[in-house]
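Colleague:
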Amino acid sequence: AAIAALNSLSKQDLVEVKAMKTPPAGVILVSKALCYMFNVKPVKVAAPDGKGKIDDFWEPAKGKDILGDPRLLERLIHYDKDNMSDAVVSKVTPMYDDPSFEPDAIKKASIAAMGICKWVRAMVVYDRVAKEVGPKKAKLAAATKEKSDAEELLEFKKAELAEVIALVDKLVADLEGAKQKMAELQKQRDDCSQKLARAEKLITGLGGEKANWQKASAKLGQDYTNLTGDI
């Protein structure tokens with residue numbers, strides 16, 4: 004809205020406003036708002052009734068800091084609306100609520116001044132919205148970061164869990180391998196036990212046959228001796 008309000012303005016429009024000899028009240032109001040927005044102080048002049056002095060915004064507004072600046076339109080477009088000071092806002096907000104600062108009222112004084120009036124009003128609205136939305140955006144950013152941190156922690160825990168599961172799977176596989184090896188060793192032990200038992204049985208049997216062989220050998224020896232004597 005702020006940029007749209009300036010789209011109809013040209014540098015020549017601003018030059019024409021600056022050239023006004025006796026500016027209407029609407030133009031004076033706009034010059035006052037510009038002084039507030041750019042922190043330009045008014046000058047003191049004699050009051051119309053001759054009693055005391057009043058603030059004059061028209062003369063400083065025509066100076067090089069505002070209407071006399073050929074880059075004013077660019078400065079309005081690129082105004083740092085996100086960092087408006089509370090002092091500036093507190094000064095222009097009452098003007099926003101002033102019926103005489105309505106665009107239609109200012110239009111009667113100057114089309115160019117009306118564009119600037121719309122810009123000032125848009126700045127006030129932006130500040131109001133920013134102050135309302137800002138905390139919500141901050142909360143959203145905090146919630147988003149918290150969610151991101153939680154997701155990051157979750158991924159970390161998932162990775163840890165995957166490592167534990169892999170370790171458990173390896174231990175289970177090692178256990179199964181150990182059980183299989185133990186079964187093989189048990190079978191080998193049983194086979195060896197059976198072979199040993201058969202060997203012991205064979206040795207025991209051979210031990211009994213040894214005595215028979217010795218008797219048979221002795222008898223053969225005796226028979227041989229007898230046979231020799233008979234010859």
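Just so we're aligned: the sequence shown equals residues 4 to 234 in this note's numbering.
Beta carbons: idealized from backbone N, C-alpha and C, even for Gly.
(1) Classify M117 as buried or exposed, calling it buried when 16 or more other Cβ atoms lie within 10 Å of its own Cβ.
(2) Between F41, T231 and E155, which lies nearest to M126 when the distance is taken from Cα to Cα?
(3) Counting only the same chain and skipping the five closest in sequence on each side, list residues whose C-beta sits under 7 angstroms from that of L75.
(4) Touching or not, the segment 92-104 and the segment 51-62, by the rule of three or more beta carbon pairs under 8 angstroms?
(5) Tell me whether K47 sits in a helix, a strand or coil according to DSSP, three-state version.
(6) How long is the line joining the alpha carbons of K44 and A22, rounded to whole angstroms?
(7) Would you say R39 and V128 are within 8 angstroms of each other, going by their C-beta atoms?
(8) Suppose the cutoff is 7 angstroms on Cβ atoms and the five residues either side in sequence are ignored; what does the same chain contact list for K139 look like?
(9) Looking at S113 and G55, is the spacing between their C-beta atoms short of 8 angstroms?
(10) DSSP on D16, reduced to helix/strand/coil?
(11) Is the distance from the Cβ of A7 to the Cβ of V123 below 8 angstroms?
(12) Who pairs with I57 in a beta bridge, going by DSSP?
(13) Nearest-angstrom Cα distance between N86 and E135?
(14) Which class does G66 belong to by DSSP, given the choice of helix, strand or coil?
Modeller: According to the data block:
(1) buried
(2) F41
(3) Once the five neighbours on either side are set aside, the close Cβ partners of L75 are L17 and I69.
(4) no
(5) The answer is strand: DSSP assigns K47 an E or B state.
(6) 20 angstroms
(7) In the sequence as presented, Arg is not what sits at residue 39; that position holds Tyr. Not in contact: Y39 and V128 (Cβ atoms no closer than 8 angstroms).
(8) none
(9) no
(10) helix
(11) no
(12) Answer is V48, bridged to I57.
(13) A direct Cα-to-Cα measurement between N86 and E135 gives close to 15 angstroms.
(14) coil
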